[in-house]
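Q: Those letters in the sequence shown? Residues 1 to 170, by full-length UniProt numbering.
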Amino acid sequence: MNETRTPSMPRTAPPSAVPPRATPTRRPAPAPLPVPATAPDWPTRWHLLIPASLRNQMAALGLWQNPIPLIPSDHLTQTLAVLERYGWARSLDFSPTGRMCIRGAQTFLEHTGHVTPTARNRAVDYMQQTLQENGVHAPFFAWNDYTDRTFPQVKALITVSATAARKNGE
1 MNETRTPSMP
11 RTAPPSAVPP
21 RATPTRRPAP
31 APLPVPATAP
41 DWPTRWHLLI
51 PASLRNQMAA
61 LGLWQNPIPL
71 IPSDHLTQTL
81 AVLERYGWAR
91 SLDFSPTGRM
101 CIRGAQTFLE
111 HTGHVTPTAR
121 NRAVDYMQQT
131 LQENGVHAPF
141 FAWNDYTDRT
151 FPQVKALITV
161 SATAARKNGE
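#1: Who are MET58's beta bridge partners in DSSP?
#2: Could you give the distance in angstroms between the alpha-carbon of THR97 and the alpha-carbon of PHE108?
#3: Any chance the segment 106 to 123 sits against the segment 68 to 80, with 3 or more Cβ pairs inside 8 Å?
#4: Going straight from the alpha carbon of HIS114 to that of PRO72, what length do you get?
#5: Which residue marks the beginning of the alpha helix (DSSP H) containing GLY104, and which one marks its end?
#6: Is it the case that the Cβ atoms of ARG149 and ARG85 are separated by a distance below 8 Å?
#7: Taking 8 Å as the threshold (C-beta atoms), are PHE141 and LEU131 in contact?
#8: Looking at C-beta atoms only, is the number of pairs between the segment 156 to 165 and the segment 49 to 66 that lie closer than 8 Å three or more?
#9: Where does the unbroken alpha helix (DSSP H) through ASN144 begin, and where does it stop?
#10: Do ASN134 and CYS101 have their C-beta atoms closer together than 8 Å?
#11: Along the alpha helix (DSSP H) that carries PHE151, what are the first and last residues, could you check?
#12: Give the single residue among THR147, PRO40, LEU49 and ASP125 whose Cα lies nearest to the Cα of ILE68.
#13: So if DSSP puts TRP88 in a beta bridge, which residue, or which two residues, is it bridged to?
#14: Which residues mark the beginning and the end of the alpha helix (DSSP H) in which GLU132 is found?
#15: Considering only C-alpha positions, which residue in the set ALA165, THR147, HIS137 and LEU92 is nearest to ASN121?
As structure tokens, this is what we get:
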């Protein structure tokens with residue numbers, strides 16, 4: 001079986017010895033996952049005693065760690081998480097037992113640094129838009145205080161508003 005080869009004959013391998021060539025496939029990039037909805041802990045006494053301007057200066061020097069402000073869709077999701085954790089209330093931003101209305105939960109998140117005033121206003125715009133699409137022309141905080149309002153309705157408003165904000169990239 002000694003076969004003599006000439007220099008002009010190419011070297012070949014039996015077909016079974018050649019590994020199959022895989023063609024590279026391009027996978028689409030996965031969609032970004034939403035931020036997990038976790039309600040922050042109640043701020044510490046130091047956080048409440050130190051003014052926001054001083055906390056921001058300390059953060060610039062590396063002496064304080066401020067939370068990263070969220071975009072409107074994630075802010076709405078976190079607002080819902082706050083209401084689920086601390087309880088939902090009507091008529092008061094903060095009840096004596098620690099429960100909050102929608103505006104109270106947003107205020108809590110803004111004072112703890114989890115949202116900027118601009119992002120909060122955009123989130124409010126999305127809630128107002130959702131209410132107007134459903135035929136309600138009252139401010140969201142007045143809608144929250146209606147006597148026949150239930151927490152599942154509040155949850156639906158915030159969820160639909162967060163979805164609309166996420167579709168718009170906010």
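Quick reminder that beta carbons are idealized off the backbone N, C-alpha and C, glycines included.
A: The answer reads as follows:
#1: Walking along the sequence shown from the start, residue 58 turns up at place 58. DSSP lists no partner for MET58.
#2: Taking the first residue of the sequence shown as position 1, residue 97 is located at position 97. Taking the first residue of the sequence shown as position 1, residue 108 is located at position 108. Those two C-alpha atoms are separated by around 15 Å.
#3: yes
#4: Counting from 1 along the sequence shown, the entry for residue 114 is found at position 114. Counting from 1 along the sequence shown, the entry for residue 72 is found at position 72. Looking at the two C-alpha atoms, the distance is approximately 11 Å.
#5: For the purposes of this step, residue 104 is identified with residue 104 of the sequence shown, where counting begins at 1. Residues 102 to 111.
#6: Within the sequence shown, the letter at position 149 stands for residue 149. Within the sequence shown, the letter at position 85 stands for residue 85. No, Cβ-Cβ distance for ARG149 and ARG85 is not below 8 Å.
#7: The residue given as residue 131 occupies position 131 in the sequence shown. The residue given as residue 141 occupies position 141 in the sequence shown. No, these two residues do not count as a Cβ contact at 8 Å.
#8: no
#9: Within the sequence shown, the letter at position 144 stands for residue 144. ASN144 -> alpha helix (DSSP H) spans 140 to 144.
#10: Within the sequence shown, numbered from 1, the residue matching residue 134 stands at position 134. Within the sequence shown, numbered from 1, the residue matching residue 101 stands at position 101. It is not a contact, given that the beta carbons lie outside the stated cut-off.
#11: In the sequence shown, the residue the question calls residue 151 occupies position 151. PHE151 -> alpha helix (DSSP H) spans 151 to 167.
#12: As a working mapping, residue 68 is identified with position 68 in the sequence shown. The shortest Cα separation from ILE68 among THR147, PRO40, LEU49 and ASP125 belongs to PRO40.
#13: Locating residue 88 in the sequence shown gives position 88, counting from the first residue. Note: TRP88 sits in a beta bridge opposite MET100.
#14: On the sequence shown, position 132 is the one that residue 132 refers to. For the record, residue 132 in the displayed sequence is Gln; it is not Glu. Residues 117 to 133.
#15: By 1-based counting over the sequence shown, the position of residue 121 is 121. For ASN121, the nearest C-alpha among the options comes from ALA165.
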